[in-house]
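*Asks:* Right, I'll just put the structure down here and ask away after.
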Amino acid sequence: LPVSQVPPFDLNQEFITEINGVQMETYIDWMKSCYYISATGLPAISVPCGFTADGLPVGVQLVGRHQDDFGVLQLAYAFEQATQVWRRRPEIGD
1058 LPVSQVPPFD LNQEFITEIN GVQMETYIDW MKSCYYISAT GLPAISVPCG FTADGLPVGV
1118 QLVGRHQDDF GVLQLAYAFE QATQVWRRRP EIGD
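Per our numbering, the sequence shown starts with residue 1058, numbered consecutively.
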């Protein structure tokens, strides 16, 4: 699952132009939350956490301490077991 601060958007839309009233000038602007974590070198993982009202998948990014990859995997597993989100499926329209 990709992780960003917005749900999936229309394929024909080049990029998100506004988030919570803040203008996004470029494609890169709306992806800041993703590359900030990547730039730190901290271990991170994305796990499913539900669906939007329109049935689109939503994920959550879990970030760990420096060189604690195993801890991040343990946290992701614990999250999945506690929420059981992975068992749910989106409703598919007719």
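A virtual CB, placed ideally from N, CA and C, is assigned to each residue, including glycine.
Output yes or no for whether 8 angstroms exceeds the beta carbon distance between Q1062 and I1076.
*Replies:* Counting from one through the sequence shown, the residue named residue 1062 turns up at place 5. Counting from one through the sequence shown, the residue named residue 1076 turns up at place 19. Yes, these two residues count as a Cβ contact at 8 angstroms.
*Asks:* Checking 8 angstroms against the spacing of the C-beta atoms, do F1136 and L1119 come in under that value?
*Replies:* Within the sequence shown, numbered from 1, the residue matching residue 1136 stands at position 79. Within the sequence shown, numbered from 1, the residue matching residue 1119 stands at position 62. Against a cut-off of 8 angstroms, the Cβ pair of L1119 and F1136 comes out as a contact.
*Asks:* Which two residues bound the contiguous alpha helix (DSSP H) that contains T1062?
*Replies:* For this step, residue 1062 is matched to residue 5 along the sequence shown. One detail in the question is off: residue 1062 reads as Gln in this sequence, not Thr. Premise fails: Q1062 is in no alpha helix (DSSP H) and is neither H nor E.
*Asks:* Helix, strand or coil for L1068, going by three-state DSSP, please let me know.
*Replies:* Taking the sequence shown and counting its residues from 1, the one referred to as residue 1068 is at position 11. In this structure, L1068 counts as coil in the three-state DSSP scheme.
*Asks:* For N1077, name the three-state secondary structure that DSSP assigns.
*Replies:* Residue 1077 sits at position 20 when you count from the first residue of the sequence shown. Of the three classes helix, strand and coil, the one that applies to N1077 here is coil, per DSSP.
*Asks:* Please report the straight-line C-alpha distance between F1127 and V1142, rounded to a whole angstrom.
*Replies:* Here the question's residue 1127 lines up with position 70 in the sequence shown. Here the question's residue 1142 lines up with position 85 in the sequence shown. Roughly 21 angstroms separates the two Cα atoms.
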